[in-house]
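Everything on this sheet refers to the single structure shown next.
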Amino acid sequence: MRVEGAKNSALKLMAAALLAPGASTITNVPDIADVDIMAEVVSGLGARVERSDHALVIDATDATSYEAPYELVARMRASISVLGPLVARLGRARVAMPGGCAIGSRKIDMHIAGLQHLGVTIEIGHGFILATAPPMGLQGADVTLEFPSVGATENLLTAAVTARGTTTIDNAAREPEIVDLAEFLNAMGARIAGAGTQTIVIEGVDELRPVEEHRVVGDRVEAGTFLVAGALCGGPVTVRGFDCDHLGLTIDKLRKAGCIVDCLLDGATISREGAVAAVDVQTLPHPGFPTDMQAQFMALMAIAEGSSVITENVFENRFMFADELSRMGADVRIEGHHALVRGVEQLSGAPVRCPDLRAGAALVLAGLVADGETRVGDIHHIERGYERFVDKLASLGANIGYAWDDMPVLGGENPC
Ligand code: EPZ
Numbered sequence: 010m011r012v013e014g015a016k017n018s019a020l021k022l023m024a025a026a027l028l029a030p031g032a033s034t035i036t037n038v039p040d041i042a043d044v045d046i047m048a049e050v051v052s053g054l055g056a057r058v059e060r061s062d063h064a065l066v067i068d069a070t071d072a073t074s075y076e077a078p079y080e081l082v083a084r085m086r087a088s089i090s091v092l093g094p095l096v097a098r099l100g101r102a103r104v105a106m107p108g109g110c111a112i113g114s115r116k117i118d119m120h121i122a123g124l125q126h127l128g129v130t131i132e133i134g135h136g137f138i139l140a141t142a143p144p145m146g147l148q149g150a151d152v153t154l155e156f157p158s159v160g161a162t163e164n165l166l167t168a169a170v171t172a173r174g175t176t177t178i179d180n181a182a183r184e185p186e187i188v189d190l191a192e193f194l195n196a197m198g199a200r201i202a203g204a205g206t207q208t209i210v211i212e213g214v215d216e217l218r219p220v221e222e223h224r225v226v227g228d229r230v231e232a233g234t235f236l237v238a239g240a241l242c243g244g245p246v247t248v249r250g251f252d253c254d255h256l257g258l259t260i261d262k263l264r265k266a267g268c269i270v271d272c273l274l275d276g277a278t279i280s281r282e283g284a285v286a287a288v289d290v291q292t293l294p295h296p297g298f299p300t301d302m303q304a305q306f307m308a309l310m311a312i313a314e315g316s317s318v319i320t321e322n323v324f325e326n327r328f329m330f331a332d333e334l335s336r337m338g339a340d341v342r343i344e345g346h347h348a349l350v351r352g353v354e355q356l357s358g359a360p361v362r363c364p365d366l367r368a369g370a371a372l373v374l375a376g377l378v379a380d381g382e383t384r385v386g387d388i389h390h391i392e393r394g395y396e397r398f399v400d401k402l403a404s405l406g407a408n409i410g411y412a413w414d415d416m417p418v419l420g421g422e423n424p425c
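Each number in our numbering comes from the position in the sequence shown (counting from 1) with 9 added on.
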């Protein structure tokens with residue numbers, strides 16, 4: 010199967026398109042609910058958005074409104090990524106405070122502190138952030154992030170591109186999606202060096218131009234999710250459309266868990282003959298093991314021979330998946346930010362509900378190998394970030410379909 014462009018890059022590229030008047034074209038855009046919401050956000054700011062099969066044209070010529078409405082930001086916290094572009098282009102932004110979500114408080118103190126270093130005045134009240142640039146515009150500065158926050162790195166990048174002078178971001182996030190954003194901004198005429206390393210240097214420029222065409226980087230998390238499906242069922246499964254180097258540690262861990270993973274030019278093939286081996290994992294910012302793959306890996310460890318410890322270091326509450334997985338017979342004990350997973354012979358199908366996007370996908374994966382039928386509810390969480398998830402799994406041989414009450418049904422006598 011083939012993965013789409015990365016959700017966690019496409020949303021930020023759409024926000025970054027606001028920086029320059031004119032029409033930017035973005036291709037390999039996933040057809041998912043979060044992209045629909047971000048299209049509403051940028052349209053609400055005055056940009057014109059045209060969509061055709063997995064491509065977007067965003068004309069930001071008339072993007073002169075600086076307020077991102079509450080009801081849209083409340084629906085998708087990634088809307089906060091319009092903060093940097095609005096302050097840079099219009100000198101001000103009024104964005105609703107993004108709510109927390111199931112996996113944690115999702116604070117934005119580092120976004121705010123970083124922007125203040127560039128001279129932005131921030132007022133917070135009545136559920137909104139009001140950011141105002143100084144009359145002379147933003148001033149480049151040296152910023153060190155307390156934590157390599159993806160969102161804070163992105164808002165600083167988009168704010169600094171037209172600041173006067175040089176901005177250095179130390180302890181920057183190194184995710185491939187950051188590199189994709191920097192490439193997009195440089196195609197606009199920005200001067201960014203070091204994206205993908207812990208130190209990014211941005212030379213401010215006077216003006217930016219729209220991007221002729223930019224292809225969104227392949228979605229490494231969607232790819233990792235389908236590789237775990239192959240690991241669970243034995244495969245072989247070939248996933249195309251992503252760069253193996255973007256899943257380095259994930260692939261290492263799948264190999265240690267007993268899988269054969271062959272990296273290809275544009276993807277990877279995974280298979281497994283023997284038992285799943287128990288492997289410890291701890292999530293860390295890239296290039297560490299991705300927190301967005303934690304639930305999927307826990308589903309694999311749930312049927313491993315032996316016990317594994319999964320440590321979640323990035324979010325404060327990203328183990329809700331374990332409760333649902335336990336309903337399917339998994340043996341998981343949570344101790345703070347550690348999950349002790351004792352592998353069981355077989356999971357059993359059960360009605361479960363998606364607590365969030367990645368946990369929801371992981372529950373479907375668990376249902377692929379569980380004995381009997383699994384009904385997964387609240388799949389709108391999955392549809393936010395995975396295009397045609399059910400169809401793609403069915404194309405790989407999964408016994409899966411939509412139930413009458415929007416719950417995909419999995420399993421049966423031959424689950425994979
Ligand atoms: C992005 O979220 C992704 N979302 C997340 O993917 C991903 O899990 C995360 O990066 C880490 O890789 C999008 O790109 C839309 P962070 P983001 O800022 O930017 C704390 C998915 O499933 N923090 O790196 O919000 C924060 O609370 C989603 O696709 C502060 O305390 O992540 C969290 O605990 C889930 N203050 C940690 O840092 C701040 O100012 C990492 O957050 C910013 C962050």
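Idealized CB from N, CA, C, for every residue including glycine.
Nearest to residue i by alpha carbon, out of the options?
i    : options                : result
E325 : A181, E333, D340, H346 : H346
V288 : C272, D301, T259       : T259
E396 : T34, D43, S18, A32     : D43
P296 : H255, V104, F328       : H255
H120 : I112, G113, T130       : T130
T175 : V246, D380, H126       : H126
D215 : V230, D380, I117, A168 : A168
G128 : L154, A97, L81, Y75    : A97
T141 : E76, V82, M197         : E76
D301 : A412, D228, A56        : D228
T234 : L27, E344, L366        : L366
S206 : E221, R218, E186       : According to the sequence provided, residue 206 is Thr. The question's Ser does not apply to it. Among E221, R218, E186, the Cα nearest to that of T206 is on E186.
T177 : D400, H389, E212, S335 : E212
M10  : G410, R264, V399       : V399
L356 : G198, A308, D387       : A308
V51  : A181, L28, P39, D40    : L28
A26  : T73, G386, M145, D40   : T73
R183 : N195, P157, A161       : P157
G376 : Q305, E321, G315       : Q305
E392 : A161, D40, G53         : D40
With DSSP as the reference, please indicate the residues paired to residue i in a beta bridge.
i    : result
V210 : T177, A202
V246 : I279
F298 : T292
G227 : G14
E132 : L139
R101 : T141
G113 : C110
E76  : R103
A510 : Because the chain in this structure spans residues 10 to 425, residue 510 falls outside the shown range and cannot be described.
Just reading off the alpha helix (DSSP H) that residue i is part of, what are its end residues?
i    : result
S18  : 16-25
E192 : 185-196
V51  : 42-53
G160 : 159-169
Y79  : 79-84
D261 : 257-265
A304 : 303-310
Starting from residue i and walking both ways along the beta strand (DSSP E), at which residues does that stretch end?
i    : result
L273 : 269-273
F508 : Nothing in the structure corresponds to residue 508, since the chain is present only between 10 and 425.
I121 : I121 -> not in any beta strand (DSSP E); alpha helix (DSSP H) instead, spanning 118-126.
A407 : Where A407 is concerned, there is no enclosing beta strand (DSSP E), given that its DSSP letter is neither H nor E.
L65  : 64-68
I35  : 32-36
D151 : 151-153
R60  : 57-61
So residue i and residue j are supposed to be a Cβ contact under 8 Å. How far apart are they, rounded?
i    : j    : result
V290 : I312 : Their Cβ separation, rounded to whole angstroms, is 15 Å, which puts V290 and I312 out of contact at 8 Å.
L22  : F193 : 5 Å
A122 : L20  : Incorrect: roughly 22 Å between the Cβ atoms, too far for contact.
T34  : E221 : 7 Å
F137 : R101 : That belief does not hold up - the Cβ atoms of F137 and R101 are roughly 12 Å apart, past 8 Å.
V82  : A105 : 4 Å
N164 : L124 : 7 Å
L263 : V248 : Their Cβ separation, rounded to whole angstroms, is 12 Å, which puts L263 and V248 out of contact at 8 Å.
T278 : M337 : Not a contact, Cβ separation roughly 28 Å.
V323 : A331 : So it is not a contact: roughly 16 Å between Cβ atoms.
V66  : A24  : Between A24 and V66 the Cβ distance is about 15 Å, and since that is not below 8 Å, they are no contact.
G386 : G358 : Rounded, the Cβ-Cβ distance is 14 Å, inconsistent with contact.
G276 : A232 : 7 Å
R84  : I112 : Between I112 and R84 the Cβ distance is about 16 Å, and since that is not below 8 Å, they are no contact.
A204 : V188 : 5 Å
Note down, one range per segment and in chain order, each beta strand (DSSP E) of at least 3 residues found wholly within the region 318-394.
Runs of the beta strand (DSSP E) inside the region 318-394: 340-344, 347-351, 360-362, 381-386.
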